[in-house]
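Just below is one structure, and these are the notes that go with it.
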């Protein structure tokens, strides 16, 4: 390396003596350092560009996700706002309408894809998401059982009970609630009867076991005290009768 520097300096000195433009040339080792620095700088710039692109991509992804979250929050707020606005008292339901078309939409019905869930006045717990759900529900055994209880309860209403609520008739929702209350009481009574029956069986089994235990205790006490058991007593009676019969025959 020192030889290259010496030759380079001699060439520069010769150029100066000849009057040639020397410029801003640098010695070989400086040129090498400049090249390495430029290469390292270009590599650093490339890495920075890649980092910038990556950061920009991540930032754009984060921004997009944040925008989606904000949109979801806005949708949730709008849905909750709509629900709070829709929290109104439900109107009475006519009995004739309940028998013909029991499906309706509640004011506070939850939304799915912009469409509110529908309900059944005969089955208040049913949440029907679409037309297919409505069709399946109306054909279900549960709906038919509840509809049968509903019609049976209607037979016990006064004559004006089937009129519309505006005309002083009974609200179908109240009739359904009445049916549910009666069914609840019947189930409680049935459960109480089943419980009493099971307890009675347990008492009988306990009494039977206790009788067997008492019988075994009595037998063990008789055996321990030397007293004749029932079987021994029967055998003794037979022997006594045989002896008495023999004595009678001898006398004759």
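Numbering (the working numbering), first residue to last: 578 to 829. Ideal Cβ placement from N, Cα and C applies to all residues, glycine included. This one's a predicted model, so the numbers in the text were calculated from it and none came from an experiment.
Limits of the unbroken alpha helix (DSSP H) element including residue i
| i | result |
| --- | --- |
| residue 727 | 718-731 |
| residue 712 | 708-715 |
Counted within 10 angstroms of its Cβ, other Cβ atoms place residue i as buried (16 or more) or exposed
| i | result |
| --- | --- |
| residue 753 | buried |
| residue 760 | exposed |
| residue 732 | exposed |
| residue 582 | exposed |
| residue 698 | buried |
| residue 818 | exposed |
| residue 696 | buried |
| residue 674 | exposed |
| residue 723 | buried |
Any chain B beta carbon closer than 8 Å to residue i
| i | result |
| --- | --- |
| residue 723 | As a matter of chain content, chain B is missing from the structure shown, which is built from one protein chain. |
Cβ-Cβ separation, residue j to residue i (assumed contact under 8 Å), whole Å
| i | j | result |
| --- | --- | --- |
| residue 704 | residue 720 | In fact, because the Cβ distance is near 14 Å, the residues do not count as touching under 8 Å. |
| residue 672 | residue 746 | 6 Å |
| residue 670 | residue 749 | 4 Å |
| residue 706 | residue 689 | 6 Å |
| residue 667 | residue 683 | 6 Å |
Of the residues the options, the one placed nearest residue i, counting alpha carbons only
| i | options | result |
| --- | --- | --- |
| residue 726 | 799, 763, 712 and 696 | 763 |
| residue 741 | 772, 676 and 779 | 676 |
| residue 728 | 756, 820, 826 and 708 | 756 |
| residue 758 | 730, 588, 820 and 734 | 730 |
Residues bridged to residue i [DSSP beta-bridge criterion]
| i | result |
| --- | --- |
| residue 680 | 697 |
| residue 692 | 689 |
| residue 705 | 695 |
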